Structure formats: structure tokens, C-alpha cells
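Engineer:
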Amino acid sequence: MTLRLGIAPSRSFPGNWQDILQFCLEAGFVGVELKYELPFILPERFSPGMMREFARARMEHGLVYSLHGPYVNIGSPLSYRWRAAVDEHLRALEVAQELGAETYTVHPGFMEAKYATPELLARGRRLTAKALQEMLRNAGEITLCLENQNPAEGDKAKCAASPCELREILVAVGELIRVTWDVGHANISPAGVMGFVDELGLERIAVVHLHDNDGRKDSHDPPGTGTVPWKNVLDLLSRRENNPVLYLELRNKQDFLRGRDFLHGLMGRLFSRGWAPDVDVPMGFTSQECNQFSGEKRSLHDY
């Protein structure tokens, strides 16, 4: 198995999608997960021409693309709000198809915390499943992935923050839906990182988000700076026959490079000791590229 590292910049990342792509190419990552959300989709920062640029980069460099859907509420008990949220996802799926995205990440629904009841949260899970079923009919060859969310976020009560709640939605929708495993979110859940996968199952994971925290707050810090058991995470992922892209979900270039270096170093130490003999080299690079690590510098200006 080869670990493949990509980037999933947060909404505070400076610049637009083109700047993200430029950084991905220069830093030698193998893929990008883009967020279909403000500020990236402001009219002045989003243009149809970008889709052609991304298509050229995908063909020339073999990049993998994923799209993170908008932060809308597909668990809303109000029908007109639910409909608007689903329609927003359908528009985003059209963009994902233009990009040539392989996967599409979706957040389950939520309720306002002070009004949430077990009955309303259960209804939100049913409405999330209903939305996913409609989205599947419009997804084409894109794999839809339901993400485990941050269980504690301000005034929001999440409809599916635990493994059993996510499983309820997965069962309702069927085998075509997969999971985006957010390692940082799992680290602040009661089950913990490894317990989360033990409960949910490794076989449904198609996308992985990598970031660190102190086990209490969803701070999206670089791997190696918090309490996530990274050796165990890499060990677990090495057992998969089909390895997903591992997207570093961080804020800025410095954090991406720091997280990349940490995971590369950890992987190198583990591999040098004979751990995980089915692993080739980190991040999809050749052994020669790993020695110099930075890899080939590529630029959009070549187009």
C-alpha cells in the first residue's frame, strides 16, 4: 500500500482555488479537496475558466480531486430549508463533475442545540438519508462520503456525531454511500480515534481528513502537535487494500508543510524498522523522490 497525501485547505486559506492548486503542485501533494463554500465561491473569486485549468492539471499531473459540499443543513425539519439545502448540494455536484472529482464530502444535518430533542435529532438523520438518496441519483460516478462531524460546535446539536448515528444513516441509504473519516473530529469524540473506526468499520472509508488537537477542541492543528495517535492511524490505514487519499485539513501553507514533514518522518521511521512491509514509500512518491522529499516542482505557469 502507498500512502497518498493531499490538501484540504480551510476557508481561512488565503487566495482562491487556483492558489490552492498552485501550492499543491509546488509542494508535491497528490490531490486536493476543495470546499464549495464562501469565500471561495464568491463571484469575484470563482470563474468557469478555473474548471478548465483544473482539468488540465488533473490530466497532466495525475492529480486526484475531491469536493467538500456546502455547509448547509440537510437535516432541517422545515421543508423549504431542507429543499434549499439539497438544491445547493446538487449545484455543487455539478461543479464536482466538471472538476472530475472522485469523491464528494457531505455533512449530516444538525439542530439548534437549545431546541434539540432526541426525536428531532432522529428526524434529522432520516432527512439526511433522504437528501443523500436524492444526491446519489445525481452524482454520476462520484462517490458520496458522509463525514463524522465535530461533536461539540457552539450552539449546534449534530444529528450524527457518533458512529452508531452515522451507521443508522448509512444503512438507510445503502451500500453506495461511503465515509469521510475525520481523524481530528474522532479524537474529540467519546469513542476516540481508534474506537471510532472499530465501531464504524474501516471498509466504508473513502476519504480521510488529517489534523490534530488536544482531545478537547477541534483546532485543526498540524499532525504531530496534539494527542492523535498517529502511529496507530498509519498502522490502521496500511491494512486497507484500497488506500484513500489522506487530505491534510489545515489553514495555511506552513501548517501543511509541517504536517507533511511529520507524517513523512514518522512513516520513514516505521518503515525503516520493518513495520508494515506492504507499504512502498510515503505519499505516492518514488524512493528517489522521498530522499529529496520536496519532489518535482510544478507550476501552473507552464500551461
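Mapping the sequence shown onto my numbering, position 157 (from 1) lands on 146, and the numbers just tick up by one.
The beta carbon of each residue, even a glycine, is placed where N, CA and C say it ideally should be.
Note that the structure is a prediction, hence the values are computed from the model and not measured.
#1: Skipping 5 residues on each side, what residues in its chain have a beta carbon closer than 8 angstroms to that of Ile177?
#2: For the beta strand (DSSP E) holding Ala195, just list the boundary residues, first then last.
#3: To the nearest angstrom, report how far apart Gly184 and Ile63 are at their CA atoms.
#4: May I have the straight-line CA-CA distance separating Gln243 from Glu15, to the nearest angstrom?
#5: Is Val162 helix, strand or coil when you go by DSSP?
#6: On the CB-based measure, 16 or more other CB atoms within 10 Å of its CB, does Asn76 come out buried or exposed?
#7: Closest by CA to Leu56, which one among Val234, Trp219, Gly38 and Arg115?
#8: Following the continuous alpha helix (DSSP H) through Cys13, name the residue where it begins and the one where it ends.
#9: Spatial neighbours of Arg34 within its chain, please: CB distance less than 7 angstroms, with the 5 preceding and 5 following residues excluded, ordered by chain position.
#10: Could you give the uninterrupted runs of the beta strand (DSSP E) lying entirely in the segment 34 to 61, keeping only those of 3 residues or more?
#11: Bridge partners for Lys24 per DSSP, in chain order?
#12: What residues in its chain sit with their C-beta under 7 angstroms from that of Gly89, if we drop five residues either side in the sequence?
#13: Which of helix, strand or coil does DSSP assign to Leu235?
#14: Would you tell me roughly how many angstroms separate the C-alpha atoms of Pro271 and Gly257, rounded to the nearest one?
#15: Taking all protein chains shown into account, decide if Val160 is buried (16 or more other Cβ within 10 angstroms of its Cβ) or exposed.
#16: Are Ala128 and Leu82 closer than 8 angstroms when you measure CB to CB?
#17: Taking Val61 as the reference, give the member of Ala74, Leu52 and Gly254 with the closest Cα.
#18: Can you say whether Arg249 is buried or exposed, counting buried as having 16 or more other CB atoms within 10 angstroms of its CB?
#19: So for Lys206, helix, strand or coil by DSSP?
#20: Take the Cβ of Gly173 as the centre, count every other Cβ of all protein chains shown within 10 Å, and call the residue buried at 16 or more, exposed below.
Structural biologist: Per the coordinate set shown:
#1: By 1-based counting over the sequence shown, the position of residue 177 is 188. Excluding sequence neighbours, Ile177 sits near Asn139, Pro140, Ala141, Asn202, Gly204, Arg205, Lys206 and Asp207.
#2: Here residue 195 corresponds to residue number 206 of the sequence shown, with the count starting at 1. Segment Ile194 to Leu199, the beta strand (DSSP E) holding Ala195.
#3: Taking the first residue of the sequence shown as position 1, residue 184 is located at position 195. Taking the first residue of the sequence shown as position 1, residue 63 is located at position 74. The straight-line gap from Cα to Cα measures roughly 27 angstroms.
#4: Locating residue 243 in the sequence shown gives position 254, counting from the first residue. Locating residue 15 in the sequence shown gives position 26, counting from the first residue. Taking the straight line joining both Cα atoms gives about 13 angstroms.
#5: Stepping through the sequence shown from its first residue, residue 162 is reached at position 173. Helix at Val162.
#6: Here the question's residue 76 lines up with position 87 in the sequence shown. The displayed chain sequence assigns Asp, not Asn, to residue 76. It counts as exposed.
#7: The sequence position of residue 56 within the sequence shown is 67, counting from 1. The shortest Cα separation from Leu56 among Val234, Trp219, Gly38 and Arg115 belongs to Val234.
#8: Position 24 of the sequence shown, counted from the first residue, corresponds to residue 13. Where Cys13 is concerned, the enclosing alpha helix (DSSP H) stretches over Trp6 to Ala16.
#9: As a working mapping, residue 34 is identified with position 45 in the sequence shown. Excluding residues within five positions, the ones whose Cβ falls inside 7 angstroms are Asn5 and Pro28.
#10: 53 to 57
#11: Translated into positions along the sequence shown, residue 24 becomes position 35. Paired residue(s): His57.
#12: As a working note, residue 89 is residue 100 in the sequence shown. Correct list, in chain order: Ala44, Arg47 and Tyr54.
#13: For the purposes of this step, residue 235 is taken as residue 246 along the sequence shown, with counting starting at 1. It is a strand residue.
#14: In the sequence shown, the residue the question calls residue 271 occupies position 282. In the sequence shown, the residue the question calls residue 257 occupies position 268. Residue placement at Pro271 is poorly supported in this model, since its pLDDT is 32, which falls under 50; the coordinates are not used for a value here.
#15: Reading the sequence shown from its first residue, position 171 is the one you call residue 160. Its Cβ having fewer than 16 others within 10 Å, Val160 is exposed.
#16: Within the sequence shown, the letter at position 139 stands for residue 128. Within the sequence shown, the letter at position 93 stands for residue 82. It is a contact, given that the beta carbons lie within the stated cut-off.
#17: For the purposes of this step, residue 61 is taken as the residue at position 72 of the sequence shown. Ranking Ala74, Leu52 and Gly254 by Cα distance to Val61 puts Ala74 first.
#18: Here residue 249 refers to the residue found at position 260 when the sequence shown is read from its first residue. The residue is buried, with at least 16 neighbouring Cβ atoms inside 10 Å.
#19: Taking the sequence shown and counting its residues from 1, one reaches residue 206 at position 217. In this structure, Lys206 counts as coil in the three-state DSSP scheme.
#20: Counting from one through the sequence shown, the residue named residue 173 turns up at place 184. By the 10 Å Cβ count, Gly173 comes out buried.
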